[in-house]
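Take a look at the structure below.
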Amino acid sequence: MTTRQVFEQDLIDLHTEIIRMGALVETAIANAVTALETMDPELAAATSRADDAIDDMEKSIEHFSLEIIALQQPVARDLRAVASALKLVTDLERIADHASDISEKIIVLCSMKRIVLPHQVVTMANLAKQMVRGSLDSYVSRDAVRAAEVARSDDRVDELYERIKNELVHLMSVDPENIAAHVELLLICKYFERIADHATNVAEWVVFLVNGDHRNLN
Amino acid sequence: MTTRQVFEQDLIDLHTEIIRMGALVETAIANAVTALETMDPELAAATSRADDAIDDMEKSIEHFSLEIIALQQPVARDLRAVASALKLVTDLERIADHASDISEKIIVLCSMKRIVLPHQVVTMANLAKQMVRGSLDSYVSRDAVRAAEVARSDDRVDELYERIKNELVHLMSVDPENIAAHVELLLICKYFERIADHATNVAEWVVFLVNGDHRNLN
Amino acid sequence: MRRRIRPQITDRIATATLYLVAGAFVLLLVAFVGYFLYSGRSELNFKFLFTEPAFSTAGGGIGPELFNSIYLVFLSGLISVPIGIAAGIYFAEYAKPGRLTDFLRLSIETLSSLPSIVVGLFGFLVFVILTGWKFTLMGGALAVTILNLPVIARTSEDAIRSVPESIKEGSLALGATRWQTIVRVLLPSALPGIVTGIIIASGRAFGEAATLLYTAGMSSPRLDFTNWNPISATSPLNPFRPAETLAVYIWKINSEGLVPDARQIADGASAVLILAVLAFNLLARFLSRLLGRRFGGSRS
Amino acid sequence: MANPPSRKVLGRINLYYWKHENLGRGLVTGFGIFLAGLTLLMAGFLAVKGLSTFLVDHVSPLEFLFSTKWSPDADVPAFGALIFIVGSILISTLALLISTPFSISTAMFVAEISPNLGRKVLQPAIEIFVGIPSVVYGWIGLSVLVPFIRRSFGGLGFSLLAGSLVLALMIFPTITSLAADAFRALPTDFREASYALGATRWQTVRKVLLPAAMPGILTGVVLGLARAFGEALAVQMVIGNMIRIPGKLTDATVNLTSIITMDMGNTATGTPWNDVLWSMALLLLMISFLFILLARTTGQKRRSLK
Amino acid sequence: MDKVDACGCADPVVETDRVIVRTEKLNLHYGKLQALKDIGVELPANRINALIGPSGCGKSTFLKTLNRMNDLILDCRIDGRVYIDDVDIYGDIDVVDLRRRVGMVFQKPNPFPMSIYDNVAYGPRTHGTKSKTVLDEIVECSLRRTALWDEVKDRLRASALGISGGQQQRLCIARTIAVDPEIILMDEPTSALDPQSTLKIEDLMTELKKSYTIVIVTHNMQQAARVSDNTAFFLIGEVVEYGPTSRIFNQPTEKRTEDYISGRFS
Amino acid sequence: MDKVDACGCADPVVETDRVIVRTEKLNLHYGKLQALKDIGVELPANRINALIGPSGCGKSTFLKTLNRMNDLILDCRIDGRVYIDDVDIYGDIDVVDLRRRVGMVFQKPNPFPMSIYDNVAYGPRTHGTKSKTVLDEIVECSLRRTALWDEVKDRLRASALGISGGQQQRLCIARTIAVDPEIILMDEPTSALDPQSTLKIEDLMTELKKSYTIVIVTHNMQQAARVSDNTAFFLIGEVVEYGPTSRIFNQPTEKRTEDYISGRFS
Ligand SMILES: Nc1ncnc2c1ncn2[C@@H]1O[C@H](COP(=O)(O)OP(=O)(O)OP(=O)(O)O)[C@@H](O)[C@H]1O
Ligand SMILES: Nc1ncnc2c1ncn2[C@@H]1O[C@H](COP(=O)(O)OP(=O)(O)OP(=O)(O)O)[C@@H](O)[C@H]1O
Ligand SMILES: [Mg+2]
Ligand SMILES: [Mg+2]
Ligand SMILES: O=P([O-])([O-])[O-]
């Protein structure tokens, strides 16, 4: 393999690793959503456990990126590829973290008296999930337009979150018995809101990777 | 100025910029804590407004780091300095973001009926604030031991957060009238908990910068 | 590890053989020089060096011949050095590269390796017959000049050319004209080479005989070494008189064999010539090293 | 762009430039052209003189080149110069055959086997040899070699062999120093590369250096040959000057330069005899021109290899 | 630095972004080969302008058009305009004076085989300076500016060939400075040097750009990145892209530039 | 790649991390100057081992001790041990054979002034191979392995001096390979080449390490970083640090190493 090819291969490997990590993250969040919909404590527990692997991947990708910078000294597009990798893994890891947090809360919820899940919660969860998938897709296809679209969805999530919060506050006051459960549910929603934020960040890095231009997209 | 000196100066500038940004972040969080203690909507509003400047700084530091990598091609310690700068600005920006979010919630709280602030909330807020300051101090002095200490405080914050959450849930059920306010307070605490997490991340990057070894510290 | 014998043994044999050849060569030179110094030893004295040759009796010296040789070298150097260097500069720097220049250079090279007898004949026609000077020292000097001009021009050109192009560019890039570049940079750098060339040419002139047979002649008038008027016929300084040089004298006494001690005279004169060659060599070495040190250092 | 004050410009002539460029340039160009003119003049002169044998005296060029009959003072003079030409060729070739192997060996020694001894001992020795005047060589041939040959092989001693040996000695330093230069001009890289491949010194010299130096060595040989061809006095002193084609090495013979040297003084200008001598001189000129051309082409090959 | 001032060199005023060299539709042919095609660039004063590009793309050729060193090449034909300080240097000007104003430093250090002092004094002497005091001053000042004074002040009369390669190259720069040029052209000035000497030369360039405009050809991508303010990328006789170095290395607009600087060039 | 196999070169088995070169307390003096001090390193087989360090630190000297090219230098004294495949090469061994087993490629491409074919065949012929068929095979195989076959197969009889510098350097590598060495020493093999040719040589090295152990001296930090598996940092005759390249460039343990690779060396 030629030196140049070694470098190309490194870049490809880096890309692949991120996609692998992205897939794990996507699964984690999908599982969290499912666990929430079905109130499945086992799925939730499994999801929570999967987080360690993702943490390890973050570290290893970071390390790999730095090694590429140190040994291959990339510039221009190559440098952007490595830099965006270095940055977006943090967001991915964060998303997985939040998915794991959500799962833990689901386990707590399952141990409480069953409450009704406001349908908007599921909508919001799915929206966040789609944003993660969308941002990852845009990364795979290096598609800045798609990435910008994803970022725009974040406003919808924020809006939904505000509405759900109000509804949950209302529910707490009418149903004081289930306050604890509703608080957990609120926090779960907060996590989804954060996940959408991180997905937006990922999308921003994709735009940077493609255009070399890093701006807040929402 | 010699080429080498240009590079050294770049590194120094980078360091200084981060310290400047850190100072702004520290001020933001200190103001948020004060606004919380004194329930001062004006201070809160000012804090929230300050966030834009910090966002800009994040972008400019990121850009500067990448330029240094592209033009000076640092290795070893220099590379670690630049890479950790590139990474920890995100955490700093996040902390400022959260401080701004907290401030907005304080404004909301001020518009509601006054509730009693559980004293643990203030303890926790101050602890988070100290962690941010500590992590920044360790960055300034490149002190890995101090950084590790800071990271260890995170456990205390998490513990406090759990306790506060339970207390607030309890308060909600005994005082259904103020549920909305307590929910806001809960979210404020959640933000402080996140701030502590980010301070931990900063500390982790400081350890990496000094030792070249990046590990989860808590 | 497998041992291979053959190449190493061949290597030893070859080395030994080469040592033998080189040793034989040095021995030959030693024998050569030794022979002349030995057989000419009796003649290496003031009387031999400074008295007139005898015409048909033994005991003559080589005084006038020695003087003539030196004077001839001086005269021809006076003409050939400036012209030779100038022509060298022209060919190294100003001649436009092309067929014509190539042809001229080829001609000059031919001139420099022309059999000296041919140059002698040319000199005979031009400087003896055409000018009507008869056999003169001047004619000889001019003929020798023809022989030496190409040598000096050639060595000068080579020496100037071997100054790295980069140095020339450096000077031009500072805004010096071509001529300034030549005078201030190229010539000083090329000086050791040029000086070596001049000395070699002088040595050649000193030992030259064939060219002089028909130009400077095979006889000398009786010289009056107290007469320093250059236009007087008996003055040693008069260039327009016949002048037999040392080398010609050696040839002559062998061909004519009139003097009884011809052998001894020839031995002595040869010893003098060889000593002169040694001296010229040493001088060339010394000067070029001196100049080399002045301008050199180690060129990296 | 203003000229600095030191540059006086008068009308269209820039004095500065005139002084610092055109003057010198004109001077050296003049001398360069003078030298070239001198060469052409000589060639022209020799051509006129040498060709008059054929144009004025109507000697057939074929007779001149290919006849052995030389009787210039007979009633019906014959001007066949073949004997002299053959004599020159024989003597030079022989000299070359004797000295080339020794020259190359010595050059190898100087450049490859012991550069130290080479620089300190052999190089000066070679230079002294080059500088020794030809009459001295002639004299040593006469006083040592001729008696030696006479004693060892009989005959007169004056002979083809004596001439060749004297010539061989004369051209030996020329060939050696050019060959040594050719070896030394080879980059050290070649040696390092060869040793690094596991070759011995002799293998390196034989297989890499000798072939690489060959064009330079050939140049040396050709120039040596040219010198041998044109040498007059030394040869004339020992060759015997018998006008005949030698049957064996110890026979006396004659060559072009000897006959010119000897007869030129005894003939009157304008006589056919004298003219023929000029023709021989012209022939020598042409031959030396040829040798130079040859040396150049081999030399060029060397340059293109670098 | 204070020493430099001490030697009497006026502290230069840095004017910025004044265009000093401007070419218009510059075409250059070597016989039939077109070595430069329609070059139109504007180089700002007091900046380091780097020329990069693969071997044979015409960088050296372009450099030499700026001081008319190409005049020495027989079959070299130039069309178009080159303005230096708004004067067309291929118009009716004094070439010798042009070369004084546009100095040049070559790839291999090429000090003259004379003393260090004479090397530096060569230019001023050539241009008519005779006074010993003035020369002494110029020599000291030039050597100080190239940070060579302290290294050689005790052996100014020693041969310039006896100092190290890196010192020789700085001497060549000092020699160029001594005639007080406005522009210094450098054709791969460090490619024959070791890394330490290279660094010193780079430092020197950064120092010199305060007073001079520098145009440098380099094969070393990092060198261009580190020291230059602007970079022009040449390809087969054309300027593909020209702009601030940090932009060229971060976000080249042309794919060919990107391929070249990231080593993807085949 | 498939072509390489087609020419009959056995696909090499890559053994890993077998130590092939080992030195013990290696000291080397040039006259009074100590050029190497107590060097003790172990170089693994089938790896690219880079030697870096400032000029004059002894890299070339160390390299030459491995094939005893220092034997040619008069006043060079060596103490200590150098084992290659556990045989002490300063013991009772055949130097000529050692040099066959430990090939060397020099800074400047130095092909012999003969045909391309003869250049490659030189080594085998020297070592006694006479058969034309065998030689043909060796030549083709060596040229293929250096990716030169397609470029020169139509002019094997042409002079090796007529090809480009980069091709010449690959030819020199082919010539070295032709004698089937185990170790190839390279002393700044690309410093005389343009960037494109440099890249080709680097590629070649990566390819060759499958079959050979490579020890390379380089001044180019990036080159060491890009191609080598292990890096040794030399300083004034000592090995300061030796280890995997990625560690040396990311986290050197010695401050001096860090200073050097990050260009802080004064
Ligand atoms: N004197 C000349 N005569 C003819 N062609 C030339 C001459 N000098 C350069 N060239 C050709 O002009 C083109 C540009 O050459 P130039 O030297 O400017 O390239 P470069 O970019 O400096 O390359 P490098 O990086 O190798 O120095 C090349 O194709 C070269 O072969
Ligand atoms: N043949 C020799 N005789 C005497 N000293 C020598 C010889 N070769 C090298 N040296 C000295 O030994 C030391 C090491 O030299 P060496 O060539 O090994 O350095 P290097 O690291 O290869 O440097 P570079 O990077 O410049 O090639 C230097 O101080 C050098 O001057
Ligand atoms: Mg160039
Ligand atoms: Mg070295
Ligand atoms: O990382 P966050 O806690 O700010 O989502």
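Chains as they are written, first to last, in the working numbering: chain A, 29 to 246; chain B, 29 to 246; chain C, -17 to 282; chain D, 22 to 327; chain E, 23 to 288; chain F, 23 to 288. All C-beta atoms, glycine included, are put in the ideal place defined by N, C-alpha and C. Model, not experiment: these values are computed from the prediction.
Within chain F, the residues that residue i reaches when beta carbons sit closer than 9 Å
i, result
"B:V238", "Residues of chain F passing the Cβ test: none, with the nearest at roughly 11 Å."
"D:T240", "The contacting residues do not exist; D:T240 stays about 16 Å from chain F at best."
"D:T221", "V118, T148"
Contact set for residue i: own chain, Cβ-Cβ below 6 Å, skip 5 residues either direction
i, result
"B:M200", "I207, H210"
"D:T278", "A253"
"D:R205", "A132"
"D:M285", "L298"
"A:I57", "A127, K157, V160"
"D:M22", "Here the model assigns D:M22 a pLDDT of 36, short of 50, so the residue's position is not dependable and the matter cannot be decided."
Residues bridged to residue i (per DSSP)
i, result
"C:E47", "C:E47 is not bridged to any residue."
"E:I106", "E:V43, E:V109"
"E:V127", "E:M208"
"E:N49", "E:D101"
"F:T265", "It is Gly, not Thr, that sits at residue 265 of chain F in the sequence shown. For F:G265, which the question treats as bridged, DSSP gives the partners F:T253."
Under 7 Å from the C-beta of residue i: neighbouring residues of chain B
i, result
"A:A98", "V103, L107"
"A:E90", "H242"
Spatial neighbours of residue i in its chain, beta-carbon cut-off 7 Å, leaving aside the 5 residues before and after
i, result
"B:R108", "F236, L237, G240"
"B:N154", "V61"
Chain A residues whose Cβ lies nearer than 8 Å to that of residue i
i, result
"E:P274", "A104"
Between the CA atoms of residue j and residue i - distance to the nearest angstrom
i, j, result
"C:A158", "E:L178", "22 Å"
"A:L120", "F:L193", "50 Å"
"F:Q245", "F:G75", "13 Å"
"E:S82", "E:A143", "27 Å"
"D:L231", "D:M129", "9 Å"
"C:R87", "C:F73", "8 Å"
"F:S181", "F:E159", "20 Å"
"E:Q56", "F:T212", "30 Å"
"B:H43", "B:E95", "14 Å"
9 Å Cβ cut-off: residues of chain C touching residue i
i, result
"E:C194", "G152"
Interface residues of chain D facing residue i [CB-CB closer than 9 Å]
i, result
"C:R136", "Within chain D, no residue comes near C:R136; the closest Cβ sits about 10 Å away, beyond 9 Å."
Chain A residues whose Cβ lies nearer than 9 Å to that of residue i
i, result
"E:I283", "V103, A104"
Interface residues of chain E facing residue i [CB-CB closer than 8 Å]
i, result
"F:P76", "D216, P217, Q218"
Residue ranges of each alpha helix (DSSP H) within the segment 220 to 258 of chain F, 4 or longer: 243 to 249
Uninterrupted alpha helix (DSSP H) stretches inside the segment 60 to 122 of chain D (no shorter than 4 residues): 82 to 87
Unbroken stretches of the alpha helix (DSSP H), 4 residues or longer, contained in the segment 157 to 230 of chain D: 167 to 174, 181 to 206, 209 to 217
Length-filtered (3 minimum) beta strand (DSSP E) runs lying within the segment 79 to 146 of chain A: Fully enclosed beta strand (DSSP E) runs of 3 or longer: not present.
Positions along the segment 227 to 260 of chain E whose CB lies within less than 7 Å of some CB in chain G: The structure shown contains no chain G; the protein chains it does contain are A, B, C, D, E and F.
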